[in-house]
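Here is the structure we will look at, set down as structure tokens.
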Amino acid sequence: MADGGAGQVLRAGVGELGEVEREQAYVTRLYAKLDAMRATAGEHLAEALRASGGTPGARSERESVVSRAREQVAGLDAVEQGLCFGRLDFTDDTAQGTGPERQAEGPRYVGRIGIFDEDDDYEPLLVDWRAPAARAFYLATAASPQGVRRRRHITTRGRTVVGVSDEVLDLDEADGAPNRDGLTGEATLLAALTRSRTGRMRDIVDTIQAEQDRVIRSDLAGVLVVQGGPGTGKTAVALHRAAYLLYTYREQLSRQGVLLVGPHATFLAYIGHVLPALAETGVLPRTVGQLYPGIDARRAESAATGEVKGSLAMVDVVRAAVADRQRVPDGPVEVEIADTHAGFGFQRDTVVLEPEVIERARDRARRTTRPHNLARPVFVAEVVDALGWQVAQRLGADPYADQALGGNDAPGEGALLLDEADVAEIRRELATDQALLAALDDLWPVLTPQRLLADLYASDERMAAAGLDADRIALLRRPAGSGWAPADVPLLDEAAELLGEDDSARQARLERARRRQIAYAQGVLDITAGSASQEFEDEESEILEVGDLLDASHLADRQEYAEHLTAAERAAADREWTFGHVIVDEAQDLSPMAWRLLMRRCPTRSMTVVGDVAQTGDLSGTGAWSDVFDRYAADRWRLTELRTSYRTPAEILSVAARLLTHIDPSLAAPLAVRETGVPPAIVAAAPDGLADSVIETVRAAVAEVGDGRVGVIVPAGSAGTLGGTVAAAVPGAAFGDDPDLERTVAVLTARQAKGLEFDTVVVVEPGSIVAESPRGHSDLYVALTRTTNTLTIVHSGHLPVELATA
1 MADGGAGQVL
11 RAGVGELGEV
21 EREQAYVTRL
31 YAKLDAMRAT
41 AGEHLAEALR
51 ASGGTPGARS
61 ERESVVSRAR
71 EQVAGLDAVE
81 QGLCFGRLDF
91 TDDTAQGTGP
101 ERQAEGPRYV
111 GRIGIFDEDD
121 DYEPLLVDWR
131 APAARAFYLA
141 TAASPQGVRR
151 RRHITTRGRT
161 VVGVSDEVLD
171 LDEADGAPNR
181 DGLTGEATLL
191 AALTRSRTGR
201 MRDIVDTIQA
211 EQDRVIRSDL
221 AGVLVVQGGP
231 GTGKTAVALH
241 RAAYLLYTYR
251 EQLSRQGVLL
261 VGPHATFLAY
271 IGHVLPALAE
281 TGVLPRTVGQ
291 LYPGIDARRA
301 ESAATGEVKG
311 SLAMVDVVRA
321 AVADRQRVPD
331 GPVEVEIADT
341 HAGFGFQRDT
351 VVLEPEVIER
361 ARDRARRTTR
371 PHNLARPVFV
381 AEVVDALGWQ
391 VAQRLGADPY
401 ADQALGGNDA
411 PGEGALLLDE
421 ADVAEIRREL
431 ATDQALLAAL
441 DDLWPVLTPQ
451 RLLADLYASD
461 ERMAAAGLDA
471 DRIALLRRPA
481 GSGWAPADVP
491 LLDEAAELLG
501 EDDSARQARL
511 ERARRRQIAY
521 AQGVLDITAG
531 SASQEFEDEE
541 SEILEVGDLL
551 DASHLADRQE
561 YAEHLTAAER
571 AAADREWTFG
581 HVIVDEAQDL
591 SPMAWRLLMR
601 RCPTRSMTVV
611 GDVAQTGDLS
621 GTGAWSDVFD
631 RYAADRWRLT
641 ELRTSYRTPA
651 EILSVAARLL
661 THIDPSLAAP
671 LAVRETGVPP
681 AIVAAAPDGL
691 ADSVIETVRA
701 AVAEVGDGRV
711 GVIVPAGSAG
721 TLGGTVAAAV
731 PGAAFGDDPD
741 LERTVAVLTA
751 RQAKGLEFDT
761 VVVVEPGSIV
771 AESPRGHSDL
781 YVALTRTTNT
791 LTIVHSGHLP
801 VELATA
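Sequential numbering of the sequence shown, starting at 1, is according to full-length UniProt numbering.
Okay, structure coming up:
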């Protein structure tokens, strides 16, 4: 795309110095306001921190005030860079008021937050980019100016204005044709695209394009699926949409929270600065492997294993695995119980667990439809009830023993040595007998999801009983203690749903704590009553005292202390938390089981899903969005597409597009808005000289990129070897499971590179990348499109035919 467009471009030169100085004066005023706001917030925080002592209720309120003040201070600190980036000038027809007082609207400045003039009836000095009043900054064009005469982009470095760039949208004033590419802020956009990468993603708040703005401001309700090819800004759009939704639906979403799911931890670190820079800190970022509290699943496993775990067939497998742990013994089981029914003259005895009794107890527990752990007390109670009659029959003639044990005979005749109270006492003793409880644990154990899955994977017999065939057993088999892979997390979540959590111990602790609080409160009331004046004790009139208004229980309730946490902090520790909105990036790679987990987290189906089915690399990923959302959202999902690639040059897309024919002939590559004039370079290396060629190419790229970043994308099978080789030869190179993207060079696999971008990219052995997976063409498509400028391909083996003809 050539420079040009509807407006003149002003730079910080001699002729335009007056414009820069005028904007500098206004920006300086805004920063003065920001400093005042920050000082006020800091004072509120300091005041809250100085407060100490008081009642538990007062301490809770203090924590709440401190949390809000800290959040406000953090938000104001985060907008220091690029506080004001735009200005709108309106035509005379865009006016305020009516009649003789009708006046043309003055300039409207747009920035990261809203700032108001308290001394002038709270007139807006700076409009938050998310506010409706700022939308014309992103949508106005010469064809549809929306009352805007001129749009100005203001470039700052720190607090200093270093340049302005104008677009005149009034065709009568513009010297030149309208912007033929339909881009807003073309000069500013090009400057942002060609600026060196830093290893951390920047926000695009000053260069949002119209098609992106429509996605960002789309309604909260339902599932919004955003399909977009490389460079279309899917991730940036998703992040800015999160900021917009939190601004627009603050009360609702601050209470329920927003979940952001990314493909890997490196990606989350890469985008981690964007939302704080937009003054938002209430989003919980997680990978799929982090969606089960207390677990960060990163263990590598084969694509085939991940495919098995990601299949919805695993729902039945996990359910069967739970049922398999509700065991009926093959024959009678004798259990020696100690110190039981000692009051009747016995010290040791043996009870017999008959299969028929265990089966009846199991069926009774299952009929409750409670989760496994919550149904266990029913199972135990049924067994203990039957054993109580068994012991009672042994100790004396009980006319109802036959019926209790399941017999069909009528009650017997004879003297009853034990009454109901005696039998109840026997049951209470049996219910606490450790030997009996150990035997029942073997038949119906209390299980955690971790134990269930670990035991399942470690036993071929258990996997076969859960319905897995020999091939899948071979893929899933691993010893206990091997750690968790990301694909295990949805299975852990599924198991948690089926098992339930027996929190009786926690409830008992809470009850003990509450009794202590009530006792303390009663002591307070007693002291209050004891210290009351006795001056009027001889008078007939009654004196109203504290104890007449509150009892100890109510006083304890009023003084209950609750730690103030944000919604994101509470959600991080609560597996059953449901979010107000969920955003999923690189969504094409999520398995059906992962989607099942996310749908539990968002029962309202308020979601933003961004991805590109052409980049689906996981075997359990999706090839069509309807396959996912027709199941869960029916008519509550909508699809939109980003068609313009801003990041990826045309020369790169033209080569990468050849892979789409193999991936899916119905897919079309996005349209690039710019060209670099530099086609991809292909370097053929000798079979024994690949490493040397890679090192030479990377060194040349480092010299060319200056202060930018170089991505080296290699086959997964040789990532460790090539990563170590490059790191040893090129100072500052990073590689491994979680490489530091702020270093000059990062060596990654195609999967690790998803969602990232570099100034220049070196792709090594593309043929091996393709051969490593049935979705290898998608992986290569990802690798080729990570660059914002230049691409070099180094190979010693064969080239995929799509590249060989390039």
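Think of the CB as a built atom: it goes at the ideal place given N, C-alpha and C, for glycine as much as any other residue.
Bear in mind that the values here come from a model prediction, so they are computed numbers and not experimental data.
Comparing alpha carbon positions, the residue from Arg38, Asp206, Arg376 closest to Gly82 is Asp206. Between Leu452 and Met463, the CB-CB gap reaches or exceeds 8 angstroms. In the three-state DSSP reduction, Val673 falls in the coil class, being neither helix nor strand. Pairing Pro285 with Leu443, the inter-Cα distance amounts to about 40 angstroms. For Ala242, the secondary structure class from DSSP, reduced to helix, strand or coil, is helix.
For Val423, no pairing in a beta bridge is given by DSSP. If you compare the alpha carbons of Thr640, Glu494, Gly222, Val584 with that of Gly310, the shortest gap goes to Glu494.
By the Cβ neighbour-count rule, Glu43 is exposed, with fewer than 16 other Cβ atoms within 10 Å of its own. Around the beta carbon of Ala669, 16 or more other beta carbons lie within 10 angstroms, which makes this residue buried. Here the segment 70-86 lies against the segment 268-282, with 3 or more beta-carbon pairs under 8 angstroms apart. Judged by beta-carbon spacing, Ser606 lies beyond the 8 angstroms limit of Gly262, meaning their Cβ atoms are not closer than that value. Annotation: Pro371 to Pro486 spans about 25 angstroms, alpha carbon to alpha carbon. For His798, there is no enclosing alpha helix (DSSP H), as DSSP gives it neither H nor E. Pro490 and Leu475 have their C-alpha atoms spaced approximately 17 angstroms apart. Residue range 313-324 is occupied by the alpha helix (DSSP H) that includes Val315.
With a minimum length of 4 residues, the unbroken runs of alpha helix (DSSP H) contained wholly in the segment 340-394 fall at 355-367.
Asp759: member of the beta strand (DSSP E) spanning 758-764, first to last residue. When only Cα atoms are considered, Arg709 and Asp471 end up about 44 angstroms apart. Secondary structure of Arg709 (DSSP, three-state): coil.
Look at Ile271 here: in three-state DSSP terms it is coil, with no helix or strand label. Assigned with DSSP and collapsed to three states, His264 falls in coil, not helix or strand. The closest CA to that of Ile652, considering only Ala750, Asp433, Pro679, is found on Pro679.
Check the Cα spacing between Asp422 and each of Ala439, Arg743, Leu447, Gln393: the tightest is with Gln393.
Counting of Cβ neighbours within 10 angstroms places Ser196 among the exposed residues, the total staying below 16. For Thr235, the secondary structure class from DSSP, reduced to helix, strand or coil, is helix. Contact between Gln227 and Gly611 holds, since their C-beta atoms are separated by about 7 angstroms, short of 8 angstroms. Contact between Ala716 and Gly617 is absent: CB atoms are separated by about 10 angstroms, not below the 8 angstroms threshold.
A direct Cα-Cα distance of roughly 49 angstroms separates Ser302 from Ala136. The DSSP assignment places complete alpha helix (DSSP H) segments of no fewer than 4 residues inside the segment 632-699 at 650-663, in order along the chain.
Rounded to the nearest whole angstrom, the CA to CA distance from Val288 to Val584 is 10 angstroms. Relative to the Cα of Val698, the nearest Cα in the group Ala672, Ala686, Val762, His662 belongs to Val762. For Phe137, the enclosing alpha helix (DSSP H) starts and ends at 136-139.
Closest in C-alpha terms to Ala424, from the list Ala381, Thr40, Ala701, Ala458, comes Ala381. Burial is judged here by how many other beta carbons sit within 10 angstroms of a residue's own beta carbon; Gln588 has at least 16 and is buried.
The beta carbons of Glu586 and Gly776 sit about 17 angstroms from each other, so the pair does not count as a contact at 8 angstroms. Of the candidates Ala243, Ala365, Arg299, Asp433, Asp433 places its Cα closest to the Cα of Leu387.
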